[in-house]
Structure formats: C-alpha cells, structure tokens
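Protein chains in written order, with the numbering used here: chain Y, 1 to 343; chain B, 1 to 343. All C-beta atoms in this analysis are idealised placements derived from N, C-alpha and C, irrespective of residue type, glycine included. Remember, predicted model here, so these are calculated numbers, not experimental data. Worksheet for the structure shown next.
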DNA sequence: CTGAAAGCGCTTACAG
DNA sequence: CTGAAAGCGCTTACAG
C-alpha cells in the first residue's frame, strides 16, 4: 500500500499507489475496485466512475507483475539477436517491436553476439521472467541450431532458420529475390549479365545466384563468364571484380551485384572507365540500404528484402503460436525490386 | 504448482515447476527450499545439496515476477529510443545492453519514433511493468523535453540531453570532437583547412564547427572561406560543396567533413579533380562509421564519438541513480580520432 | 451489485 | 537448523 505524501491543495498524493489505495479512496473493497477498473460486469455505474476517478487522482498504475503472476501470462516476449551490430537485425527488430507494441506486448531485447554461452544465459533470464514467447534473429541467413524443443514457450526463428524443421522459421526468399532481380534486368533488354556477389559461405549469396541462373535460363541466357563471381561483401571487392570483368568481357551490359556495397564499388569503376550507367551498362544491388542507394551516382536500383515486414510477420507468427498454433516449418517471404536510375 | 508429466526413466518430470515442487521432491518446506536455493544461512549443508539437486532434476527456474513483487525491484530497465532506425541509437543501445546484461538486468526496448504520444504510451507500459529505471536515447543531439520530474524511477538521458537541467544527461562532446579533429589536421601540417558539414539545425554540426574554430584560432588559423559550410548530412552535399570549394579556394590543403558520408562525397570529387589524397589535400570525417570509412579510397580518417561507451556509461549512471545518486546535470563524454590514410 | 477469502509463486521475520 | 504464517499486489470464483 502506498504512502500518503501530501494533501496540500486538497488533492490526495500517494507515493506508490496500489489498488488498496484506490479502493480506500473510493470507499469500496479491493475486489470491487479491481472489477470496476477492469470493466467487469456487475458493478454499479456510479461506483465504477468513483473508482476510476480515485485511480486517476492518485495516478494509479496497476502492477503488471502481480497481474502476470495471476494470469500466467506476462504480456512480454524476448527477442534474442545474433548481432545487433549487423544492420540486418535492426529492421527486423523494428518490425517486431512495432507489431508487439500495438499488441500491448513489451519486448525484452538481448544481444547474444553470436555466442552460444551468452545466448543460453539470456534464454535463462527470459525464462525466469516468464516471457510468453521468443523471437530469435540470426546474424546471417545460414541455418542455426535450435534452442531445443522442450522449452515451455513457443519460439520463432527469423532471418536465419532453425536447423530443426519442426521449429517455426521465417526467412527472406533469397532465391526468388535473385530471380526477380534477373527478370528485371532481362525486361530492361539486358542480355550479357554478370553477377558479382559476396562470400560463397553465405547462403544469401548462393541462393541468390541460383535464382539468377534459373531466371536467366528461362530466357535462354547464361551469366557472363559462365558463373557468379564470389568474393566478399565489400566495396573493394566490387571494384576489383568489376575491373576484372571489364577486362575479360568488355561487352557486358549489366552487373547484378550481391549487395549495395558491391554495387557501389562497381559504379565507381564504371565511372572511371568512362562507361555510362545505365545507357551502356546497368547496375543493380541487393539490400536496398538507403544510405548507399541514394548516395550513389546515379541512384542505385536494388532489391529490398523486406526485413521490417519479416520482423512484423515473425511477431504475428509468435502471437499465433502463443495462441496454440504449433505448426512448424520454414516460411519464405517475398522481396521487392526498387527501381532507381541505374537500370 | 507444476503438473507431473512422466516418470518414465525413473526421472521426475514436472511441467511448470515451482518452488513447491522442489520442496516436495527434496522433502522440505517451501521456506527451507527458498533459503537453500538463495544461499541463506542456517541451512544444513546436506539439506542444501538435496534441494539444489531437486531443483536441477526438474529444471526449476525461479519466477522473477514473484520475486520482483516481493523485492519491490524487478531487475529490469526500459530503454526508450527516439528512432531505432537512425544508426546512432544502435551503438548506444549495444553499450547499454552490454552493461545491463552483465549486471543481470534485462532491458525492455521501446521505439517511440520521435512521437511524443507513442513515448507516453511506452512510458506507461514500462511503469506498469515496474522497471527500476529508464534510459531515453534521443534521435539527434539536440536537447529534448524532459519526461518529467515526478516519475517514481530515475531516468538517464543519453545522446540528446534533457531540457531540464536537474535531469541526468550524458552526451558526446561535439565541441571537443571538433577541436580534436582540427588539432589532428594542424599537427599534420595543414594550414588551409575547410569545414563542410551538415544541417545547421543540428547542434552536432554547430558545436563541432565551434570546436574547430576555437582550435584553429589557437594556432592563429581561420577556416578557408572564413566559415563552416552547412548543408545536409549526405554524400551529395559533400560532392557539391567540395566542387564549389575547389573552385573558390584551389589552394585548400584539408577538408574536415561533418560526417563520413560528406567525406565520401568529398573524396569522390577530389579523385575526379585529380587531387592526390592525402599528399595534396587531407580529408577527415566524423562518426567513424566503419562501412564508409573502410570502403573509402583511401581509407578515411574519422572521429569516433564513442557511442557504445556512451551507452555503457548511461547504464552505469542509471545503476548509480537507482542506488540513490540523484545528482543531475549534463555530462560530456570524450570522442577519439581514428587515423587512417586520408590524413 | 458488493465484499471476504483464496490464491498466483515466492521471501522473510518469527517461533520452535 | 526447520517450518508455519504473513504478505508482495492483484484477480476471480463464491456467498451474500
């Protein structure tokens, strides 16, 4: 029960107001106060008003801990990210936060930094706080170990799927993204298309490349040079690979890059080589990272992986799981091509 | 109390184990089980072992809600950010999450998106969850309205200080950062230094410019063109302003840019103009955003605002406030110059 | 329509 | 050294 602090201006001031204080001030029992505040039936309208007024007067905020203890549900979820640092987590996190926020849920954020020990530590803390569910955001698109199937709460894996197929996973459809990108270039009349991409150890790279080749084959085309050029996700690799590409295949008319950074590197070299983009050669990136696409000359066409949507979808899927829908499997979400000036 | 599910392999399996289950299994009272688990005195060593063993057997995890209800402290804090989107929040958030994590605190993350309504909504939710304290991360370095002084918990403002001087605020020292940057260039022998920076509506821009001018004055220098060139925080502005600068002052020997993006724009133009960096002209940025500094040709010298340290410091300051240290005021944290190839 | 009582899962004096 | 009892702040049958 709260401590009465002042009654200076006639108003009641209570330090840490509890339902007890509200009830007392309204002249009713705690039970009635609870029912009035929670909109339960069988409360006299006048009583209800009086209780609400009392609550307002002393700025009563119900203790969610006590409510959660009774309900067995806390209205909180945990979000464990592999690396906050990596920018891919952020939009997912934003989408999830947004979806939960409107659902009156609060989000515990934990950064595991790709460390399994730290992940276990955070998991334990979240279980102890009795979160209603968990979203695990991977640091790459590569599949990751499951948190286990004997947890007392549902888990949704986002971005990186769980290795356990019975878990619920939501990922971006990288293969489709590759196909969409290639289709866009083909539609623009390009026929000598090269693909410069990142580290072959990333499924994001190989899946996209697969999608690209499938789509090109549909139009009877193949990649310039016969295959995708793997390297790293950097501007520097974009530059080096483009230099090499121009030397080997001066007639290339489009470069599909595995990331916006690689595309920026490509644009730099093309400009220095005197190639006009997009007239002589088209360039395209992945990720649609505004900071890179809009600063480019000309503005860069890119594939947006819709990560914020992914985060929102993960949150909704978790809601469903909390409500009893335990069907597992990997769900792939579509991306979208954002056309700017380079294609 | 938990539901016993199996005793297949002789092991006891309990669904949602509570302290009651642990006590029962160990053959002691709930009170004794509690004391044993919490390392209280006056428990027979053998009893203690038995209780711990029982807890382990059924994977007992104490309910933090119940503990919090009793303790009046929840071991949770709220982190309200102005814009998750803006990349400045992230390092601060990482630093704070790190500091709290090692302090066994869990962090509620809320994204207010610069909307006062949403901020109030989140504040209410956090108060209801009885967080022990709050960190408010601004979206720009400009001062922001206080959350009010009648909150039942301490608040630390990070990045953007509170307008109320009695609040606790931690910010990066932009003026000092400007001075440090200028000092670095002077030490490198530059004497015709220009300053191209962002939107004059940002204190980050004007404070840094002030610091630059103060430091130059110390060496008897003034900015090329007499004043800082304000524009926007973009590569494009960096390009345009540099073009203009070269036209007006072809003898400039250093460009101090207000952000790494602006610096990237400057580097592009210098390269096209045939100016050798850093031999003929030095370039320097702010923010030390790795993605821009390391991709630059040559690699960009920049000022790191130490935001992760800022986040960590904010967390520690909040700990102190929770422990009763209520001294307010704005504390300015130092930045550091990260030297690469452009200076 | 209202309120006394039990209980959510735990901790802490207080007796034994 | 151990345990019965009270209590944290709330909600929900159950009587009145």
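Q: Could you tell me whether any Cβ in chain B is nearer than 9 Å to the Cβ of residue 295 of chain Y?
A: Yes, contact with chain B.
Q: Using a Cβ cut-off of 9 Å (strictly closer), state whether residue 275 of chain Y contacts chain B.
A: Residue 275 of chain Y does not count as touching chain B.
**Q.** CB of residue 226 of chain B within 9 Å of CB of residue 179 of chain B, strictly
**A.** Taking 9 Å as the Cβ cut-off, residue 226 of chain B and residue 179 of chain B do not qualify as a contacting pair.
Q. Out of curiosity, what's the CA-to-CA distance linking residue 231 of chain Y and residue 305 of chain Y?
A. Between the C-alpha atoms of residue 231 of chain Y and residue 305 of chain Y there is a straight-line separation of about 21 Å.
Q) Considering only C-alpha positions, which residue in the set B/317, B/87, B/82 and B/41 is nearest to residue 117 of chain B? A) Per the Cα distances, B/82.
Q: Figure out for me which residue from Y/274, Y/248 and Y/177 has the closest Cα to the Cα of residue 284 of chain Y.
A: Considering only alpha carbons, the answer is Y/177.
Q | Endpoints, beta strand (DSSP E) assigned at residue 74 of chain Y | A | Per DSSP, residue 74 of chain Y is not a residue of any beta strand (DSSP E), being assigned neither H nor E.
Q | Neighbourhood of residue 330 of chain B by C-beta distance below 7 Å, restricted to the same chain and skipping five residues each side | A | Once the five neighbours on either side are set aside, the close Cβ partners of residue 330 of chain B are 161, 169 and 171.
Q | Neighbour list for residue 85 of chain B in chain Y, Cβ cutoff strictly below 9 Å | A | For the C-beta of residue 85 of chain B, the chain Y residues within less than 9 Å are, from N- to C-terminus, 90, 91 and 94.
Q) Roughly how far, in whole angstroms, is the beta-carbon of residue 209 of chain Y from the beta-carbon of residue 193 of chain Y, given that I think they are within contact range, below 8 Å? A) Not a contact, Cβ separation roughly 12 Å.
**Q.** Assumed close pair residue 159 of chain Y, residue 90 of chain Y - CB separation to whole angstroms, cut-off 8 Å
**A.** The beta-carbon separation of residue 159 of chain Y and residue 90 of chain Y, rounded to 11 Å, does not stay under the 8 Å limit for a contact.
**Q.** Distance between beta carbons of residue 308 of chain B and residue 95 of chain B, contact taken as under 8 Å
**A.** About 4 Å; that satisfies the 8 Å criterion.
Q. In three-state DSSP terms, what is residue 284 of chain Y?
A. Looking at residue 284 of chain Y - three-state DSSP - the assignment turns out to be strand.
Q) At what residues does the alpha helix (DSSP H) containing residue 187 of chain Y begin and finish? A) It spans 174-187 - the alpha helix (DSSP H) in which residue 187 of chain Y sits, taken as one unbroken run.
(Q) DSSP three-state label for residue 325 of chain Y, please. (A) Three-state result, residue 325 of chain Y: coil.
(Q) Give me, in chain order, the residues of the same chain whose beta-carbon lies closer than 6 Å to that of residue 324 of chain Y; leave out the 5 immediate sequence neighbours on both sides. (A) Nothing listed; no residue qualifies.
Q: Look at the alpha carbon of residue 7 of chain Y and the alpha carbon of residue 13 of chain Y, and state the distance between them as a whole number of angstroms.
A: Bear in mind that a pLDDT of 49 at residue 7 of chain Y, under 50, signals an unreliable position, so the model cannot answer this.
Q: Go through the segment 85-112 of chain B residue by residue and report every complete run of the alpha helix (DSSP H) that reaches 4 residues or more, in order.
A: For the segment 85-112 of chain B, whole alpha helix (DSSP H) runs of length 4 or above, ordered along the chain, are 89-102.
(Q) With H, G and I counted as helix, E and B as strand and the rest as coil, what does DSSP make of residue 303 of chain B? (A) In the structure shown, residue 303 of chain B sits in a strand (DSSP, three-state: E or B).
**Q.** Collapsed DSSP secondary structure at residue 133 of chain B in the structure displayed
**A.** Strand at residue 133 of chain B.
(Q) Taking 6 Å as the limit between beta carbons, can you name the residues of its chain near residue 204 of chain B, skipping five residues before and five after? (A) Cβ neighbours of residue 204 of chain B beyond the five flanking positions: 141 and 174.
Q. Applying the criterion that 16 or more other CB atoms from any shown protein chain within 10 Å of the CB defines a buried residue, is residue 312 of chain Y buried or exposed?
A. Residue 312 of chain Y should be labelled buried.
Q. So, helix, strand or coil for residue 7 of chain Y, using DSSP?
A. No answer about residue 7 of chain Y holds up, because its pLDDT of 49 lies below 50 and its placement is not dependable.
Q. Would you call residue 267 of chain B buried or exposed, if buried means 16 or more other Cβ atoms sit within 10 Å of its Cβ?
A. With 16 or more other Cβ atoms within 10 Å, it is buried.
Q: Taking only beta carbons into account, state which residues of the segment 11-38 of chain B come closer than 9 Å to chain Y, listed in chain order.
A: Within the segment 11-38 of chain B, the residues whose Cβ lies closer than 9 Å to some Cβ of chain Y are 15 and 16, listed in chain order.
Q) Roughly how many whole angstroms lie between the Cα atoms of residue 128 of chain B and residue 39 of chain B? A) About 31 Å.
Q) Can residue 346 of chain Y and residue 126 of chain Y be called in contact, C-beta distance under 9 Å? A) A query on residue 346 of chain Y cannot be resolved here, the shown segment of chain Y reaching from 1 to 343 and no further.
Q: If I'm right that residue 282 of chain Y touches residue 251 of chain Y with Cβ under 8 Å, what's the distance once you round it to whole angstroms?
A: Their Cβ separation, rounded to whole angstroms, is 13 Å, which puts residue 282 of chain Y and residue 251 of chain Y out of contact at 8 Å.
Q: Using three-state DSSP, classify residue 42 of chain B as helix, strand or coil.
A: Reduced to three states, the DSSP call for residue 42 of chain B is coil.
Q. Beta-carbon of residue 332 of chain Y versus every beta-carbon of chain B: anything under 9 Å?
A. Chain B contact via Cβ: absent.
Q. Buried or exposed: which applies to residue 70 of chain B, given that a residue is buried once 16 or more other Cβ atoms fall within 10 Å of its Cβ?
A. So residue 70 of chain B ends up on the exposed side.
Q) Quick one: is residue 110 of chain B near chain Y, going by C-beta distance under 9 Å? A) Taking CB atoms only, residue 110 of chain B has a neighbour in chain Y less than 9 Å away.
Q.
Alpha carbons only, please: which of Y/138, Y/184 and Y/185 is nearest the one belonging to residue 163 of chain Y?
A. The residue from Y/138, Y/184 and Y/185 with its alpha-carbon nearest to that of residue 163 of chain Y is Y/138.
Q: Return the Cβ separation of residue 97 of chain B and residue 123 of chain Y in integer angstroms, given the expectation that the two are a contact with Cβ distance under 8 Å.
A: Not quite, the Cβ-Cβ distance comes to about 15 Å (not below 8 Å), so this is no contact.
Q | Sequence-distant residues of the same chain with beta carbon closer than 8 Å to residue 10 of chain Y, five excluded per side | A | Caution applies to residue 10 of chain Y, whose pLDDT of 47 falls short of 50 and renders its modelled position unreliable; the value that the coordinates give is listed next. For residue 10 of chain Y, same chain residues with a beta-carbon under 8 Å away, outside a window of 5 residues either side, do not exist.
Q. Among residues of its own chain, excluding the 5 on either side of residue 287 of chain B, which ones have a beta-carbon nearer than 7 Å to its beta-carbon?
A. Only 259, 260, 302 and 305 meet the Cβ criterion.
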